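Q:
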Amino acid sequence: MLYDPRVHEPLTDELWNVERVSAAIRAIVADAEEAFDDGWPTHPADQDEVLPPWARLRTVYLGGAGVVDALRRLQERGLVELKRHYVPYLERSLTEPPDFPDEDAQRSFWMGEVGIRLVLERLAPSAANRDELAGLIGANARDERRELMWGSPGTMLAARELGLDGLWEESAAWLREQRDEDGIWEQNLYGQRHRFLGPAHGWAGCVLALGEGAGVAEAARRFAVEEDGLANWPPFAGGDLVSSNRDGSIRTQWCHGAPGIVASLAGFLDEKLALAGGELTWQAGPLVKGANLCHGTAGNGYALLALFTRTGDEHWLARARAFAMHALDQVERARSTTGQGRHTLWTGDPGTALYLADCLDGSGELPLP
């Protein structure tokens, strides 16, 4: 079997309902705005030895900048009207100690100053902030982590949005040179060297940053694990689906596995293989981990939306919307259990709200950058 039923749960039988989805988006935003107190507290599901309960992170992946950007996106789409103004909070965030001081994180798009400044630039653009961004992006051009969360692929996406073409090309030229002969990159991450495949830390994220499809279909086929019309991908190039995971389960989520490969690269893959990855995502069903983008039901749903975009086949949109209804239910169940919302972009409710909004529109991609 190419997925682990233990980490998935049965899909809700609640039918797609535009009014309910719209109300859920408004409820998520209202909850986030009410919970704001110079940032948002760390949710119990995000707490560990690194993140104590009193922590109020400020960066994009787990912190306040990501929440602010999700709220901004939803307001710009006319789905909500915000009651707060978050530019002063973002400006204060730039003067606070970094969230991850031991990881050389200042240049990171998701975990450092680049992400905070990019969100600030979207809300209150200035020449001074843009110059600071250019300096940080340039300093990250040859970062040996070679992945989206910390390395140059993430800051390449920021450079592309800002129109910093020279900085993007500098990073792109170096990244192309770093690719192994089989089309994959090695990551130097947390003191270890691996060759990840997924978008958060590996090959798919590098491809997204470059925006180039040469060799992508061949590499995807080479490392796919296929069975009975389904396809999944292991976390590591050349690895298997199970042994690389500490808990012995099979990863079938956005950051590792078929959902992330398909959501990120559907336009570059052979259609048969893309559909096999999408079918695996659908058959596996929603994730027990929750509704979120990185390793939850909403992130997996983006693979289904990507296949609707590629094929025009309405049954992929219907499936994406079925996942949306389940993700909505997961948000409500989790809030009832813990008594609080989960206020992050990539592991929490605001990211799920973006997925719900894209299902309303019938198209969309994960919030990269």
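Adding 101 to a residue's 1-based position in the sequence shown gives its number in the numbering used here. All C-beta atoms, glycine included, are put in the ideal place defined by N, C-alpha and C. None of these values were measured; they are calculated from a predicted model.
In the structure shown, what three-state DSSP assignment does Val161 receive?
A: Val161: coil per DSSP, three-state reduction.
Q: Taking 8 Å as the threshold, find out whether the segment 256-270 comes into contact with the segment 285-299 through three or more Cβ pairs.
A: Cβ pair count under 8 Å is below three, so no.
Q: Is Phe210 helix, strand or coil when you go by DSSP?
A: Note: Phe210 maps to coil in three-state DSSP.
Q: I'd like the span of the alpha helix (DSSP H) that includes Gln384, first residue to last.
A: Note, Gln384: alpha helix (DSSP H), 372-385.
Q: In the DSSP assignment, the alpha helix (DSSP H) including Val343 goes from what residue to what residue?
A: Unbroken run through Val343: none, as it is neither H nor E.
Q: Contact check, Val181 vs Arg127 under 8 Å by CB: the rounded distance?
A: Indeed, because the Cβ distance is near 6 Å, the residues count as touching under 8 Å.
Q: Counting Cβ pairs closer than 8 Å, one from the segment 360-372 and one from the segment 403-417, do we hit at least three?
A: Yes, they touch.
Q: Would you say the segment 129-146 touches the segment 409-428, given that touching needs at least three Cβ pairs under 8 Å?
A: They do not touch, by the three-pair rule.
Q: Okay, do the segment 161-175 and the segment 209-229 touch, 3+ Cβ pairs below 8 Å being the bar?
A: Verdict: yes, contact present.
Q: Can you check DSSP and say which residues form a bridge with His109?
A: Note: His109 sits in a beta bridge opposite Leu388.
Q: Roughly how many whole angstroms lie between the Cα atoms of Arg443 and Gln176?
A: Straight-line Cα distance between these residues: approximately 19 Å.
Q: Is Arg218 helix, strand or coil by DSSP?
A: It is helical.
Q: For the beta strand (DSSP E) that Gln293 lies in, which residues bound it at each end?
A: Gln293 -> beta strand (DSSP E) spans 293-295.
Q: Answer with buried or exposed for Met212, where buried requires no fewer than 16 other C-beta atoms within 10 angstroms of its C-beta.
A: Burial call: buried.
Q: Please report the straight-line C-alpha distance between Gln354 and Thr410, rounded to a whole angstrom.
A: Going from the Cα of Gln354 to the Cα of Thr410 covers about 20 Å.
Q: Tell me which residue opens and which closes the alpha helix (DSSP H) that Leu457 is part of.
A: Here the alpha helix (DSSP H) through Leu457 covers 450-462.
Q: I think Leu263 touches Arg231, with their Cβ atoms under 8 Å apart; what is that distance to the nearest whole Å?
A: Right, their Cβ atoms sit about 7 Å apart.
Q: Which class does Ala55 belong to by DSSP, given the choice of helix, strand or coil?
A: The structure shown has nothing for residue 55, since the chain only spans 102 to 470.
Q: With a threshold of 7 Å on Cβ separation, who are the neighbours of Glu110 within its own chain once the five nearest residues in sequence on each side are excluded?
A: The residues are Gly386, Pro387, Val389.
Q: Assign Glu466 to one of three DSSP states: helix, strand, or coil.
A: In this structure, Glu466 counts as coil in the three-state DSSP scheme.
Q: Can you name the residues that DSSP bridges to Val326?
A: Looking at the DSSP assignment, Val326 forms a beta bridge with Asn333.
Q: Does the distance from the C-beta atom of Ala458 to that of Arg178 stay below 7 Å?
A: Their beta carbons are under 7 Å apart, which means Ala458 touches Arg178 by this criterion.
Q: Mapping the DSSP letters down to three states, classify Asn393 as helix, strand or coil.
A: Correct three-state label for Asn393: coil.
Q: Taking Gln148 as the reference, give the member of Pro470, Gly463, Gly449 with the closest Cα.
A: The candidate whose alpha carbon is nearest that of Gln148 is Gly449.
Q: With distances taken Cα to Cα, identify the nearest neighbour of Gln384 among Leu237, Ala332, Ala325, Gln431.
A: Ranking Leu237, Ala332, Ala325, Gln431 by Cα distance to Gln384 puts Ala332 first.
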